[in-house]
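Asker:
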Amino acid sequence: MTSLVLKLIARRLVAAIPILLIVSALLFCVLRLLPVDPAAMSLPPNATIEEVEAQRREMGLDKPLPQQYLIWLSAALHGDFGRSIALRRDAGALVAATLPATIQLAGCAMAIAAILGLGGGLLLFHLRGSALEPVADLASILLLSIPEFLWGLILLFVFGVLLQWLPFTGQVSPGLPVPHVTGFLLLDSLLVGRLDVFFSACRHLILPAFALGLAFSPTIMRVLRSSLFDVYLEDYIQQARLRGLTERQILIGHAFKNASLPTLTLAGVQFGILFSGTLLVEVIYSYPGMGNLMVDAVRNADLPLIQAIGLTYCVVVLLINTAVDSLYVVFNPKLRVR
Amino acid sequence: MLALEAKELVVGARIDGATVPAIRALSFALEPGKILGLVGESGAGKSMVGRAIAQLLPAGFAITSGSLTFEGNDLLQMPPAARRALLGRTIAFIPQAPMTSLNPAQTVGALFDEHLARLGEARRSARRDRAIAMLTAARLPRAAELLTQYPHQLSGGMCQRVLIALAFSSNPRLVIADEPTTALDVTTHPPILRLIADMQREHGTAVIFITHDLRLAAQLCDQVTVMYAGRAVESGPARAVLATPAHPYTRCLQLANPSMRAERRALYVMPDQMPSLRQLRELSGCHFAPRCPLVTDDCRRGEPASVAVAPDHQVACLRARATQVVAAPSGDLVAAKASERPLLQVEDLRKHYAIGGGLFAGARSVAAVKQASFSIAANEFVALVGESGSGKSTIAKMLVGLEPPSGGTIRLDGEDLTAPSSRTSALRATRLQMVFQDPQSALNPRRRVASIVTQAMEAGSRHSSWDERRARTRELLAEVGLAADFGTRLPGQLSGGQRQRINIARALCSLPKLLIADEIVSGLDVSIQAQLLNLLARLRAELGFAMLFISHDLSVVRHLCSRVLVMYGGEIVEQGPVEKVFADPQHPHTQALISSVPPDDPEAKWAALSSAVRPRESGDPAAGFPLPRE
Amino acid sequence: MAGPLARALRSPRVLVALAMVVGIALCAIFAGSIAPHDPGDQNLLAILSPPAWADGGDRTYLLGTDSLGRDVLSRLIYGARTAMLVALFASLCAMIIGAILAHIAGYFGGAVDWLIGRAVDVWMSFPPVILSLILMVGLGTGLSKVILAIVLVDWTRFCRVLRSEVLIVTRHDYVAAARLLGFTHWQTIVREILPATTPLLITLVSLEMAIAVVVEAILSFVGLGVGADQPAWGQMIADARQYVYQSPWNLLLPILAIFLAVTAFNLLGDGLRRTLDVRLAETGH
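Residue numbers (this note's numbering), protein chains in the order written: chain A, 1 to 338; chain B, 1001 to 1630; chain C, 2001 to 2285.
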């Protein structure tokens, strides 16, 4: 079985390469639509036209588009993503510095979304046929209608401004050191043995992670509920009842496993979207991740940085999708055994 | 002490605010170790009895009166926990659809483990041994390996054997088998039935055997109860009841069944169909009265009480003594006058599918049809017989242009139709039509009947006016025996038999020369089937067309068609006139198909059921073609 | 469609949602007549004033003013117009593109399906938020650009979901029967398949409108939306964030507006899905 899973992962990764190439090419082209001149932007405002032209030639902006792309691609494959125009640092290094924070946030948010989603889905299903069902259903639609950006603002307002229970800016309280071993602050603070930094980081993570998790859990809830409904229509559930199994045994032993497959597929797609949703939450909470970096880059029309960050988001989402597909194969006997 | 006894059992259903009895005054007595057959068409309430015993009735249904006793214990008064304790342990069920009745995410071993653990076997190794023992007793080869397999890796017959093994693994006192062979290929019927009979004998279990097949019940059951619209209309010893039925319904049902071996005769056709639950509310008196050939005014006044025509043989009818008078109409409508000129000529038709393949592996070629050659003359009804996976549906698709053949030629009236193209589509549209199998999926649920039957007039560049279409609708509906007001109905408002008539009407709209009927009567009740078979014969006499009749039901084939093509493994293994092939089959598969049909005469012995034969492996032509695995 | 539509209109969920949508639409259409002030009118003497019911509030500015003294209520009403315009046009265009490609892919199958499927895969491997941001960077700000960006990102969602439905419908025998009776491909798609996929289409449009409202708000929030001269709820939030301690209402009111609009469309989509699902109806009453 493991060989099949490994083969599938390998196949997906290989299939991802052309996708990445096309995506990076598209990114490249879209950004060239900008009515902005990167050459002029990287020089002081009083530069002469000749200097700007020279800069253009040096940056390779006078070459045809496909050639520019290939130059960028060959550099990128060596790890060189160019230099950020606005921040004047290596784009790749900037991304590498902020990526762990985003992954940390996304990871916690995914865990919250999964727990709330699965729990909520089971609860919704449990309430079927009872008087509370329409209420719960309506509640889930209302929850669904609050995107992560609104959740971020609401939680910030209620718990940050109004009740002042939790912090809502940055990754740690100001004044505390930021140890740097792996880049994942939660891990690093434990490795370095600074529990105060660890707890501060946790407290700062609560609001943004919940904002994301709460935003994505209703979809998981509803899909789990409808999958369970579908599964309960199947013959084998009735047959299990005729064998004398209790409803609880049926739910846990038979129904849940079969219903979790479509839920898993959807959750996987949601996680990809969740990862890109970190951008907004980071902006709202001034959290130093890739999202904030991206928004600044976009505001400054900083092409190399936009390109590098955009590509990184795509790579991470593709990896998440591959992981979900592999899990799906592991759990679905029809795909696993030939 | 009786294994199961029902006395005046009534199951009510809440329909539109009122309670309608779905099962009325049902009484039967099942002795230990005996088999009771519950026979009836769909909607008669026979499956409901099984659910009532398990107390797992659907929403809106409840047992309103009467008693149900299992080995002296009152099932209805039992607390739910005690009743649940019986299920799976002392009372077991064998379901109708074996492949979907197994959890696709659970291995056979896990299934047995769970079940046996519930039965009280504490040690895992003991459970495993017992599982292997039961699977082997169910004549499944390589039982140990089977434990690690998932349901989708097994064939339908194997799934059913697993379920039978599971049911009998607790040494139950009562087993309820709900149409256990209906969903399986015909050649697997005798081995599965034999297995059930053997296990029943071995464990001394009482069995309730639910079926729609009278002939099967005669062979397998000790006692039989015939049900109609929720009432037991006749009950008694199986062979006695079915040899000389006392109730008109039983007799009519027998006469509606085409026979395999007796002299060919017309089928008795009961008008309309069994009343639905809604219609039952309006009916007073005997529920069979609207369709009964012996009906009198007394019948409509009140429900007839059960009288005994012989010791043990009860019947609920006022006219029981006159039943034997009911006879099939004379004349053989189906006598064909086929012409000599071949209408359809198929030579060397082949179809390959490429399976698998992709970046890392080459594709395998699977032959669905290998070198099929046959011809059909004008006005001739030819049958194409085979089990699932034999290739008969593929041939139909190629004839109709839905699949391009991989080789060979198809000629209709001399024109080459082989490669699908716009030219051949135009030719086909007027000369060749198909009547599809599944009435649910064959009719667009959003179109009204009038629009469906004249759909051919909408096609291409033809612009027929609504008046023309209305006129044609009236004609077509009259042809297929439906009232003109059906034109405004939607398919969702029609019964299965009515939908098939619409299906046929649509195909006949442009008066094709050749019809391809893909299993159009499978899945229909016997009385509805009889109506449709008579309809087809009459239509041929009036309109004149040939038909390729695809079916797995040999008795229907024998009744309707003059020639037969037997397919196995993608090849036509035998062909010839029906009488000749059925009387003296040459190929082992044909022989297996024929021997899988129970005899018409209830007193006759069914060879396939009693012979002690070794379990057949798949791949053996006499065992039926295995379903291709992905 | 008459039967299912009648059924849909009997559902309380659909009616309530429809009422909400109509309410917001009316605000949008009649913004000029309903709004008490011009949304761009700055009154620098009355900046950040609270709503009329709080102390310090003024009846002339019912819901208070923002950091430039502009009336919040008027800006909310005009913001509704922005939101509705974006929602309507973006969903309809995305639906048309997605539906056409989905039907072609699902019906014809084979190479065409593969090609469209791969295009959708590539497109969808771009996280939507990122893609829309980048598109706005390339296209520039403005109402039509926002609509274009949303269409370019979301057509794939329509395509993928509708394609599955088209595949299911095409598998029915009545589609094959139509071809057999002589229907051309075009006739078959329009007369047999499209009526079956229309309920899902309508549901998806409603859900897409909810998404479009959110995306428009996000883009305005980040500063890449319809532009500073047109009132937008997202921009109101971005402004109000800086002054959240002084005037929390300025933050809460646009949040509420977005929530109500999105809920209305989601509720409508959910209600339509339940009542228009003919599959439930055709398998038996």
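Glycine included, each C-beta is placed from N, C-alpha and C at the ideal position.
In this text, all values refer to a predicted model and were calculated from it rather than measured experimentally.
Could you tell me which residues DSSP pairs with B/V1346 in its beta bridges?
Answerer: By 1-based counting over the second sequence, the position of residue 1346 of chain B is 346. For B/V1346, which the question treats as bridged, DSSP gives the partners B/F1374 and B/I1410.
Asker: On the DSSP bridge assignment, give the partners of B/P1577 in chain order.
Answerer: For this step, residue 1577 of chain B is matched to residue 577 along the second sequence. Partner(s): B/R1563.
Asker: I believe B/S1169 touches B/L1116 by the beta-carbon criterion, under 8 Å. Please report the beta-carbon distance rounded to the nearest angstrom.
Answerer: Within the second sequence, the letter at position 169 stands for residue 1169 of chain B. Within the second sequence, the letter at position 116 stands for residue 1116 of chain B. Between B/L1116 and B/S1169 the Cβ distance is about 7 Å, and since that is below 8 Å, they are a contact.
Asker: Hey, how far is the Cα of B/H1152 from the Cα of A/K334?
Answerer: Along the second sequence, read from residue 1 onward, the residue named residue 1152 of chain B stands at position 152. Along the first sequence, read from residue 1 onward, the residue named residue 334 of chain A stands at position 334. Rounded to whole angstroms, B/H1152 to A/K334 spans 7 Å at the Cα level.
Asker: Check whether the region 2142-2150 of chain C touches the region 2177-2197 of chain C, counting contact only when three or more Cβ pairs, one atom from each stretch, lie closer than 8 Å.
Answerer: Too few Cβ pairs lie closer than 8 Å, so no.
Asker: For B/V1224, write down the residues that DSSP places opposite it in a beta bridge.
Answerer: Numbered from its first residue, the second sequence carries residue 1224 of chain B at position 224. The partner list for B/V1224 (beta bridge, DSSP) reads B/G1037 and B/G1236.
Asker: From this set, C/G2234, C/A2046, C/P2127 and C/D2041, which residue's C-alpha is nearest C/T2082's C-alpha?
Answerer: Position 82 of the third sequence, counted from the first residue, corresponds to residue 2082 of chain C. Of the listed residues, the one whose Cα sits closest to C/T2082 is C/G2234.
Asker: List, in order along the chain, the chain A residues whose C-beta lies closer than 8 Å to that of B/V1088?
Answerer: By one-based count along the second sequence, residue 1088 of chain B stands at place 88. Reading off the sequence, residue 1088 of chain B comes out as Gly, not Val. Per Cβ cutoff of 8 Å: L242, R243, G244 and L245.
Asker: Which of helix, strand or coil does DSSP assign to C/A2019?
Answerer: Residue 2019 of chain C sits at position 19 when you count from the first residue of the third sequence. Helix.
Asker: Quick check: what's the CA-CA separation for A/G160 versus A/V181?
Answerer: Position 160 of the first sequence, counted from the first residue, corresponds to residue 160 of chain A. Position 181 of the first sequence, counted from the first residue, corresponds to residue 181 of chain A. Spanning the two alpha carbons is a distance of roughly 30 Å.
Asker: Let me see if you follow: with CB-CB separation under 8 Å, is B/D1348 close to chain C or not?
Answerer: Taking the first residue of the second sequence as position 1, residue 1348 of chain B is located at position 348. Not an interface residue.
Asker: Ignoring anything shorter than 4 residues or poking outside the region 1113-1177 of chain B, list the alpha helix (DSSP H) runs there in chain order.
Answerer: Those alpha helix (DSSP H) runs which fall completely within the region 1113-1177 of chain B and span 4+ residues are 1124-1137, 1143-1146 and 1156-1168.
Asker: So for B/Q1433, helix, strand or coil by DSSP?
Answerer: Residue numbering aside, residue 1433 of chain B sits at position 433 when the second sequence is read from its first letter. The answer is strand: DSSP assigns B/Q1433 an E or B state.
Asker: Whole angstroms is fine: what's the gap from B/E1630's alpha carbon to B/H1352's?
Answerer: Translated into positions along the second sequence, residue 1630 of chain B becomes position 630. Translated into positions along the second sequence, residue 1352 of chain B becomes position 352. Reliability fails at B/E1630, whose pLDDT of 27 lies under 50, so the model's placement of it is uncertain and the value that follows must be treated cautiously. Those two C-alpha atoms are separated by around 15 Å.
Asker: Measure the Cβ-Cβ separation of C/G2079 and C/A2257 and say whether it is below 8 Å.
Answerer: Along the third sequence, one-based indexing puts residue 2079 of chain C at 79. Along the third sequence, one-based indexing puts residue 2257 of chain C at 257. For C/G2079 and C/A2257, yes; Cβs fall inside 8 Å.
Asker: Near B/G1050, what residues of its chain come up, given a Cβ to Cβ distance below 6 Å and the 5 sequence neighbours on each side ignored?
Answerer: What you label residue 1050 of chain B is simply residue 50 of the second sequence in a count that begins at 1. I1176 and D1178.
Asker: Work out the CA separation of C/I2097 and B/S1421 for me, nearest whole Å.
Answerer: The residue labelled residue 1421 of chain B in the question sits at position 421 within the second sequence. The residue labelled residue 2097 of chain C in the question sits at position 97 within the third sequence. Taking the straight line joining both Cα atoms gives about 29 Å.
Asker: How about C/P2195: is its C-beta nearer than 8 Å to some C-beta of chain B?
Answerer: In the third sequence, the residue the question calls residue 2195 of chain C occupies position 195. It does: the Cβ of C/P2195 has a partner Cβ on chain B nearer than 8 Å.
Asker: Can you tell me whether C/F2221 is helix, strand or coil according to DSSP?
Answerer: As a position in the third sequence, residue 2221 of chain C is number 221, starting the count at 1. C/F2221 falls in the helix class under three-state DSSP.
Asker: Should C/A2281 be flagged as near chain A, meaning a C-beta pair shorter than 8 Å?
Answerer: Translated into positions along the third sequence, residue 2281 of chain C becomes position 281. Its pLDDT being 43, under 50, C/A2281 is placed unreliably in this model, and the coordinates cannot settle the point.
Asker: Going by CA-CA distance only, name the one from A/A93, A/L6, A/P66 and A/F149 that's closest to A/L27.
Answerer: Mapped onto the first sequence, residue 27 of chain A falls at position 27. The residue with the shortest Cα to Cα distance from A/L27 is A/P66.
Asker: Pick helix, strand or coil for B/S1067, following the three-state DSSP scheme.
Answerer: Taking the second sequence and counting its residues from 1, the one referred to as residue 1067 of chain B is at position 67. B/S1067 falls in the strand class under three-state DSSP.
Asker: Taking 8 Å as the CB-CB limit, is A/S326 close to chain C?
Answerer: As a working note, residue 326 of chain A is residue 326 in the first sequence. Output row for A/S326: interface = no.
Asker: Mind checking if C/Y2107 is an interface residue toward chain B, Cβ cutoff 8 Å exclusive?
Answerer: Residue mapping note: residue 2107 of chain C aligns to position 107 of the third sequence, counting from 1. No, no contact with chain B.
Asker: Near C/L2167, which residues of its chain fall below 7 Å by C-beta distance, leaving aside the five closest residues on each side in sequence?
Answerer: As a working note, residue 2167 of chain C is residue 167 in the third sequence. Contacts found: G2106.
Asker: Threshold first: 4 residues or longer. Then list the alpha helix (DSSP H) segments lying entirely within the region 1051-1108 of chain B, N to C.
Answerer: Runs found: 1080-1086.
Asker: Give the interface partners of C/F2183 over in chain B, defined as CB-CB distance under 7 Å, in chain order.
Answerer: Position 183 of the third sequence holds residue 2183 of chain C. Within chain B, the residues near C/F2183 are A1459.
Asker: If you drop the 5 nearest sequence neighbours on each side, which residues of the same chain put their C-beta closer than 6 Å to that of B/R1683?
Answerer: Because chain B is modelled from 1001 through 1630, residue 1683 of chain B falls outside the range shown and cannot be assessed.
Asker: Check whether the Cβ of B/Q1498 lies closer than 8 Å to any Cβ atom in chain C.
Answerer: Counting from one through the second sequence, the residue named residue 1498 of chain B turns up at place 498. With 8 Å as the cut-off, B/Q1498 does not count as an interface residue toward chain C.
Asker: With a 10 Å radius around its C-beta and 16 neighbouring C-beta atoms as the bar for buried, classify B/Y1228 as buried or exposed.
Answerer: Counting from one through the second sequence, the residue named residue 1228 of chain B turns up at place 228. Buried is the call here.
Asker: Return the chain-ordered list of same chain residues with a C-beta closer than 7 Å to the C-beta of C/Q2042, the five sequence neighbours on each side being excluded.
Answerer: Numbered from 1 along the third sequence, position 42 holds the residue referred to as residue 2042 of chain C. Correct list, in chain order: L2068, G2069 and R2070.
Asker: CB-CB under 8 Å to B/H1203, same chain, minus the five flanking residues each way: which ones, in chain order?
Answerer: The residue you call residue 1203 of chain B lines up with position 203 of the second sequence. Contacts found: F1168, N1171 and P1172.
Asker: Let me know if B/P1263 comes out buried or exposed under the rule of 16 or more other beta-carbons within 10 Å of its beta-carbon.
Answerer: Here residue 1263 of chain B is taken as the residue at index 263 of the second sequence, counted from 1. At residue 1263 of chain B the sequence reads Glu, which differs from the Pro that was named. Exposed: under 16 other Cβ atoms inside 10 Å.
Asker: Would you check if there are 3 or more beta carbon pairs closer than 8 Å linking the region 2218-2231 of chain C to the region 2244-2259 of chain C?
Answerer: No: the two stretches stay apart, fewer than three of their Cβ pairs being nearer than 8 Å.
Asker: Using only the alpha-carbon positions, how far apart do B/R1291 and B/R1300 sit?
Answerer: As a first step, residue 1291 of chain B is located in the second sequence; it is residue number 291 there, counting from the start. As a first step, residue 1300 of chain B is located in the second sequence; it is residue number 300 there, counting from the start. So the alpha carbons of these two residues sit roughly 12 Å apart.
Asker: So, at 8 Å on beta carbons, what are the nonlocal neighbours of A/C202 in its own chain, with the 5 sequence-adjacent residues on each side left out?
Answerer: Here residue 202 of chain A refers to the residue found at position 202 of the first sequence. Counting only Cβ-Cβ distances below 8 Å, and skipping sequence neighbours, we find L186.
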